[in-house]
Ligand SMILES: Cc1ncc(COP(=O)(O)O)c(C=O)c1O
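Numbering (the numbering used here), first residue to last: 3 to 392.
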């Protein structure tokens, strides 16, 4: 593997795992579309024996993603949910896991409808204040899992402080870094134990594949996660691995441009419109703007606030008119693509979360989540202007 630690982020994203093919020198690496590998004798393979266990295309991708997160290990899964499930399945019946109250709805659905049934305990807490996390740690707490920024309320968690609290308590800390990608936030640098990402989103960035990844610097955790993948089988296909390896080459350009678009749109929406709420971590009106400035950085050290904005338009008829009038921005689940998308988390991404929980947190029926892409800023502004016109 070629991995010069001194390389910049873009160079790493283009070169790690992308060495030319040894045999023919193809600059774009081959896809190993195979489930199994010829063995030269019993127990004599040439590095791979079965693709659930390992596949050269996945190995390239894992080297690449480990390099971007600054991790020793990256383990790739078929979806973000497969990655989170494997992460939580490292623990046993009777173990207690603390989770940010406002995580992606699918994390709630899996925990409460699958793993809870099997005896694991989950508690959903406000992770905006790390002292609150500390207060909820119990003798049987094994993991604190936070999302920052959360989906869709963009609540932040101070990674440095939380990491310190977890270390003192002897509890592991994992972070769902899907919204920031390694271009915008690298949680392992703050002492976090495991980073989870849905690579379906900004990592792949073209809304064309599903994937998930867990990264860690801890050898024991790396082994246990790899074993979990092999044992439970949620592996991504070689083709999807190849698409992701190709797409990550442009992550820095895509994430930079989409975040610049989002910042300008959030500033404009919060000043020119009388919306009930405009939530964006890069606005000084965001209650945790200071935390955003403290931990959300590009690899070059500039603050970056991400490509997600949430707005509350206040009334259902305004919401429906808004969604109907959009021409550039598409109503669809998912986020982090080159094309801008929007959704109504109450009915879509967070349908599995009980209504009373949603209302308590502020996920109203009129909250719209915008995933900003890399289209021309003026076209996005024009689209929103038209959709918001009275
Ligand atoms: C923050 C976050 N984490 C995890 C997931 C799950 O990822 P996937 O859809 O790839 O399973 C999502 C999906 O929207 C997400 O937004």
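All C-beta atoms in this analysis are idealised placements derived from N, C-alpha and C, irrespective of residue type, glycine included. The structure displayed is predicted, hence computed values, not measured ones.
- prompt: How close, in whole Å, do the beta carbons of residue 338 and residue 207 come, if the pair is a contact with beta carbons under 8 Å?
  reply: Yes, they are in contact, since the Cβ atoms of residue 338 and residue 207 sit about 6 Å apart, within 8 Å.
query: Hey, residue 66 and residue 247: beta-carbon distance below 8 Å or not?
result: The criterion of a C-beta distance shorter than 8 Å is satisfied by residue 66 and residue 247.
query: Considering only the beta carbon of each residue, do residue 264 and residue 309 sit closer than 8 Å?
result: Contact flag set, yes.
query: With distances taken between CB atoms, is the gap from residue 178 to residue 213 smaller than 8 Å?
result: Not in contact: residue 178 and residue 213 (Cβ atoms no closer than 8 Å).
C-beta contact flag for residue 13 and residue 34 at 8 Å: No, the Cβ-Cβ distance between residue 13 and residue 34 is not below 8 Å.
query: Is it a yes or a no for the stretch 324-344 touching the stretch 82-90, going by three-plus beta-carbon pairs under 8 Å?
result: Judged by Cβ distances under 8 Å, the stretch 324-344 makes no contact with the stretch 82-90, as fewer than three pairs qualify.
task: Compute the beta-carbon to beta-carbon distance between residue 306 and residue 374, rounded to the nearest angstrom, for a pair I have assumed lies under 8 Å.
output: About 13 Å separates the CB atoms of residue 306 and residue 374; that is not less than 8 Å, and the two are not in contact.
field: Extent of the continuous alpha helix (DSSP H) run through residue 11
entry: Taken as a continuous stretch (DSSP letters only), the alpha helix (DSSP H) holding residue 11 covers 11-17.
field: residue 161 beta carbon less than 8 Å from that of residue 189
entry: With a cutoff of 8 Å on beta-carbon distance, residue 189 and residue 161 are scored as near each other.
field: Contained beta strand (DSSP E) runs [length at least 3] in the stretch 241-283, N- to C-terminal order
entry: Runs found: 279-281.
field: Where the alpha helix (DSSP H) through residue 326 begins and ends
entry: The continuous alpha helix (DSSP H) containing residue 326 extends over residues 318-327.
- request: Would you kindly report the start and end of the unbroken beta strand (DSSP E) that includes residue 373?
  value: Run containing residue 373: 369-373, per the beta strand (DSSP E) assignment.
message: With a threshold of 6 Å on Cβ separation, who are the neighbours of residue 203 within its own chain once the five nearest residues in sequence on each side are excluded?
response: The answer, listed in chain order, is 180, 337, 338.
message: For residue 38 and residue 368, I'd like the C-alpha separation in whole angstroms.
response: About 50 Å.
query: What is the DSSP secondary structure of residue 162, reduced to helix, strand or coil?
result: Collapsing the DSSP output to three states places residue 162 in a helix.
- prompt: Should residue 361 go down as buried or exposed, given a rule of 16 or more other Cβ atoms within 10 Å for buried?
  reply: Exposed, by the Cβ-count rule.
- request: Take residue 437 as the anchor and find which of 290, 170, 141 has the nearest alpha-carbon.
  value: Nothing can be reported for residue 437: it is not among the residues displayed for the chain, which extend from 3 to 392.
query: For the alpha helix (DSSP H) that contains residue 88, what are its first and last residues?
result: Per DSSP, residue 88 belongs to the alpha helix (DSSP H) from 82-90.
query: What residues in its chain sit with their C-beta under 6 Å from that of residue 355, if we drop five residues either side in the sequence?
result: Cβ neighbours of residue 355 beyond the five flanking positions: 107, 110.
- prompt: Three-state secondary structure (DSSP) at residue 52?
  reply: Strand at residue 52.
query: So, are the CB atoms of residue 185 and residue 282 less than 8 Å apart?
result: No, these two residues do not count as a Cβ contact at 8 Å.
query: In angstroms, rounded to a whole number, what distance separates the CA positions of residue 165 and residue 193?
result: Each residue's Cα considered, the two are about 6 Å apart.
query: Tell me the DSSP bridge mates of residue 199?
result: In the DSSP output, where bridge partners are listed per residue, residue 199 has 215.
field: Closer than 7 Å: residue 108 CB and nearest ligand 3 heavy atom
entry: Ligands present in the displayed structure are limited to ligand 1, and ligand 3 is not among them.
- prompt: Taking DSSP as the reference, what is the three-state secondary structure of residue 22?
  reply: Note: residue 22 maps to coil in three-state DSSP.
query: What are the complete alpha helix (DSSP H) segments, minimum 4 residues, inside the stretch 126-197?
result: List check, alpha helix (DSSP H) in window: 132-138, 161-171, 183-186.
message: I believe residue 320 touches residue 271 by the beta-carbon criterion, under 8 Å. Please report the beta-carbon distance rounded to the nearest angstrom.
response: Taking a contact as a CB-CB distance under 8 Å, the pair residue 320 and residue 271 does not count as one, their CB atoms being some 14 Å apart.
task: State yes or no: is the C-beta of residue 373 nearer than 7 Å to some heavy atom of ligand 1?
output: Residue 373 Cβ: outside cutoff for every heavy atom of ligand 1.
query: What number of angstroms, rounded off, separates the C-alpha of residue 244 from the C-alpha of residue 63?
result: Residue 244 and residue 63: Cα-Cα distance of roughly 7 Å.
query: To the nearest angstrom, how far is it from the Cα of residue 100 to the Cα of residue 223?
result: Each residue's Cα considered, the two are about 19 Å apart.
Boundaries of the beta strand (DSSP E) in which residue 233 is found, first to last residue: Per DSSP, residue 233 belongs to no beta strand (DSSP E); it is in the alpha helix (DSSP H), 221-234.
message: Which same chain residues end up closer than 6 Å to residue 154 when comparing Cβ atoms and leaving out the 5 residues on each side of it in sequence?
response: Excluding positions up to five away in sequence, the list reads 312, 347, 371.
- request: Return yes when at least one heavy atom of ligand 1 lies under 7 Å from the C-beta of residue 210, else no.
  value: Every heavy atom of ligand 1 is 7 Å or more from the Cβ of residue 210, so no.
message: Tell me which residues share the same chain as residue 93 and place their Cβ nearer than 7 Å to its Cβ, disregarding the 5 neighbours each side in the sequence.
response: Cβ within range, chain order: 99, 122, 144, 145.
message: Rounded to whole angstroms, what is the Cα-Cα separation between residue 15 and residue 30?
response: Rounded to the nearest angstrom, the two C-alpha atoms are 14 Å apart.
message: Let's see if you can read the secondary structure: which residues bound the alpha helix (DSSP H) around residue 357?
response: 357-363 is the extent of the alpha helix (DSSP H) around residue 357.
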